[in-house]
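Numbering (the numbering used here), first residue to last: 2 to 305.
For each residue, glycine too, the CB sits at the ideal point set by N, CA and C.
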């Protein structure tokens, strides 16, 4: 009898873990846009930091990210339990932000050229000046990265919550917690690897073996292109994911896209909804940038 009960318990646990794994996989797919952007942004955050301080900075931001998620996960569960109707609006808000952020990245160099040049000049001077307080520069970078992470983490948690709203509160907690931990470890583990990629390439390029030297030189050549590729893929994914969230939240738009796609067969019919989601994301992002950017500039001018 005891053996039978134990087997039933093990089977129940296995079923729960399987459900958690399945929903975690679904949530991770839907957060692909944010993850790509999160990875690229965090790798860029440590540029300008001395090589010996890169990993400590990444570790400090990773700890801040875990604190962010420790705040966001209970907040998301509270919303799901007490005001479940708020989940869809929050999801739509997250999708809109993804589209805004994606389009803002496309036009950033035109909208913020002066600010970027000023920031680069300040950082260059700080690095040149031996008397500069690099700890202060480092702290500012860490604080800025943690603030950015909070926004991106909020999007990830909101999108994940949207995939498990029909589940029990216990299942929601498990999925949100697994996604939060897995994403933090995965993203910052990759960031640590990326920021040290050039060091690994330099190390290998100085070895006596010609083959190893070529591998090292190849890594040195590849590293900057990897960052650019991550950024581009992250931006594309932001439009696809953000646009998909918005079209799903607007039934007339969703129905129109899928009704149009039904006229095509094969791969074309499958690709049309995805491309339409991306196009809708670009248009939504352009509209939001056109509305929000002037308002932000007015607010900054007023606060100055």
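Would you check if the distance between the CB atom of residue 232 and the CB atom of residue 173 is smaller than 9 Å? A distance of 9 Å or more separates the beta carbons of residue 232 and residue 173.
Just verifying my parser: in three-state terms, what is the DSSP assignment at residue 263? The answer is coil: DSSP assigns residue 263 none of H, G, I, E or B.
Cα-Cα separation, residue 139 to residue 244: About 36 Å.
Status (buried if at least 16 other CB within 10 Å, exposed otherwise) for residue 171: It counts as exposed.
Whole-angstrom distance between residue 190 and residue 276, CA atom to CA atom: Distance between the alpha carbons of residue 276 and residue 190: 31 Å.
Quick check on DSSP: helix, strand or coil for residue 140? In the three-state reduction of the DSSP assignment, residue 140 falls in the helix class.
Report the three-state DSSP secondary structure of residue 60 (helix, strand or coil). Of the three classes helix, strand and coil, the one that applies to residue 60 here is helix, per DSSP.
Whether or not the segment 67 to 82 and the segment 148 to 159 are in contact is what I'm after, with contact meaning three or more pairs of Cβ atoms, one per stretch, closer than 8 Å; do they touch? Output reads yes: the segment 67 to 82 touches the segment 148 to 159.
Could you tell me whether the Cβ atoms of residue 217 and residue 238 are closer together than 9 Å? No, these two residues do not count as a Cβ contact at 9 Å.
Just verifying my parser: in three-state terms, what is the DSSP assignment at residue 269? If DSSP states are grouped into helix, strand and coil, residue 269 belongs with the helices.
Among 54, 55 and 164, which has the Cα closest to the Cα of residue 77? Among 54, 55 and 164, the Cα nearest to that of residue 77 is on 164.
Between residue 62 and residue 179, what straight-line distance do the alpha-carbon atoms span, to the nearest angstrom? Approximately 19 Å, taken between the alpha carbons.
To the nearest angstrom, how far is it from the Cα of residue 104 to the Cα of residue 208? Between the alpha carbons of residue 104 and residue 208 lies a gap of roughly 44 Å.
Do the segment 224 to 231 and the segment 90 to 105 meet, that is, are 3 or more Cβ pairs less than 8 Å apart? By the Cβ test, the segment 224 to 231 is not in contact with the segment 90 to 105, since fewer than three Cβ pairs between them sit closer than 8 Å.
Give the single residue among 66, 281 and 53 whose Cα lies nearest to the Cα of residue 187. Considering only alpha carbons, the answer is 66.
How many Å lie between residue 176 and residue 215 at the Cα? Each residue's Cα considered, the two are about 44 Å apart.
In whole angstroms, what separates the C-alpha of residue 242 from that of residue 278? Taking the straight line from one Cα to the other gives about 8 Å.
So, residue 236 versus residue 106, is the Cβ gap smaller than 9 Å? Yes, the Cβ-Cβ distance between residue 236 and residue 106 is below 9 Å.
Rounding to the nearest angstrom, what Cα-Cα distance links residue 220 and residue 254 in this structure? Residue 220 and residue 254: Cα-Cα distance of roughly 45 Å.
Within the continuous alpha helix (DSSP H) that includes residue 306, where are the two ends? Within the shown structure, residues of the chain are numbered from 2 to 305, placing residue 306 beyond reach of any answer.
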